[in-house]
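In numbering that gives the first Met the number 0, the protein residues as written are 0 to 270.
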Amino acid sequence: MRSRVSFSPQNSAQYLLRIDDLTPCMNAPAWPALCALIRRHHLQPILGVVPDNHDPALGLDAPDPQFWPALRALEDSGATIGLHGYRHLCSARDFGLVPLHRRNEFVGVPEATQSEWIAAGLQILRGHGLDPAIWVAPRHGSDRATLRALREHGIATISDGFAARPYRHLDCTWIPQQLWQPLEKTHGLWTICLHPSTLTPAQIAELGAFVAAHSAQFTSVPRVLEEWPLSEQSFRDRLVANSAILRHHLRRLRSLIQPRRVCESRSSSSQ
Ligand SMILES: [Zn+2]
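See the structure below:
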């Protein structure tokens, strides 16, 4: 196993890798390369699994018989399984608590339905021998009802939000997710979210070089919860988060005006 660095939130950045949109029927040529990278560097990522995917954008191929065994092996090696929605059908039309996308799966859906979806999703993942421990909302779509339903079913850790440290908010622990590509940081906790269905070989190579240079700084959800002090999200924290979200929308607006910046927009549009 790789050694841990002596960590202080003030003097060293930490990174969490998060891989979204995982389903047994996915069309994701990058997935084997990501698995190899995880094994090579003993990474302990968040694996965002769609329990019952109906979204054709993620692929509706014949199920890969190695998918669930591979996830179980990765979980045994320290990965944290994330509940990535239920069917990934983003037909809701409201902004949620992290207002990056109006179209998402859960926001505004009646709480009883959200609770049913979450229960069914957890049952599917547990039926495959996994232990989902964190919520990974499709397109950042969670509202207060989502959080209540998650807590009702035993999930109180959220991978989302803009901050440089984990925090408490609405009776949940939020592990922020702010990056869609590897970027060097001087301090703080940074979750890099990737989508294997859209990753190019060049992006995989870029990730591989980044991980090789920073492997000791990659952490895991259990370590984050153990090592980082937690406090309630403050008014200042909310200002910082809101300004980050505003910058995100301005970047997307610029990319619409300037088509040549399409790549940047794509990298910041989490599904
Ligand atoms: Zn997704």
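Idealized CB from N, CA, C, for every residue including glycine.
None of the values given here were measured: they were computed from a predicted structure.
Item, Value
"Assigned secondary structure, Arg17 (DSSP; H/G/I helix, E/B strand, else coil)", "strand"
"Residue of Leu73, Arg125 and Leu178 minimising C-alpha distance to Gly153", "Arg125"
"Anticipated Cβ contact below 8 angstroms, Ile80 with Leu129, distance rounded", "5 angstroms"
"Buried versus exposed, by CB contacts within 10 Å (16 or more), Gln113", "buried"
"Thr289, DSSP secondary structure in three states", "Since the first residue of the chain shown is 0 and the last is 270, residue 289 is not available in this structure."
"Pick from Arg164, His87 and Glu110 that is closest to Ala148, judged by C-alpha positions", "Glu110"
"Three or more C-beta pairs below 8 angstroms linking the segment 222-239 and the segment 48-59", "no"
"Closest residue to Pro55 among Ala72, Asn26 and His40 (Cα-Cα distance)", "Asn26"
"Cβ contact (3+ pairs, closer than 8 angstroms) linking the segment 15-31 and the segment 183-202", "yes"
"Of the listed residues Thr156, Val210 and Phe66, nearest to Gln180 (C-alpha basis)", "Val210"
"Inter-residue Cα distance where the pair is Pro98 and Ala243", "11 angstroms"
"Beta strand (DSSP E) segment containing Cys171, residue limits", "Cys171 to Ile174"
"Strand pairing of Gly81, partner residues [DSSP]", "Gly47 and Ile133"
"Contact belief for Leu146 with Leu182 at Cβ below 8 angstroms, rounded distance in angstroms", "Between Leu182 and Leu146 the Cβ distance is about 29 angstroms, and since that is not below 8 angstroms, they are no contact."
"heavy atom of ligand 1 below 7 angstroms from Asp159 C-beta", "no"
"Any 3 or more C-beta pairs closer than 8 angstroms across the segment 89-96 and the segment 135-145", "yes"
"Selected residue, minimal CA-CA separation from Cys34, among Thr218, Leu57, Ser11 and Ala72", "Ala72"
"Delimiting residues of the alpha helix (DSSP H) encompassing Arg250", "Phe234 to Ile256"
"Any non-hydrogen atom of ligand 1 within 7 angstroms of Pro137 CB", "yes"
"Through-space distance from Thr172 to His87, alpha-carbon basis", "23 angstroms"
"Under the three-state DSSP convention, the category Gln177 falls into", "coil"
"According to DSSP, residues forming a beta bridge with Leu193", "Ile18"
"Backbone secondary structure at Gly120 - three-state DSSP", "helix"
"6 angstroms Cβ shell around Tyr166 - same chain, five flanking residues per side excluded", "Trp173 and Gln232"
"Beta-carbon proximity list for Ala61, same chain, < 6 angstroms, skipping 5 on both sides", "none"
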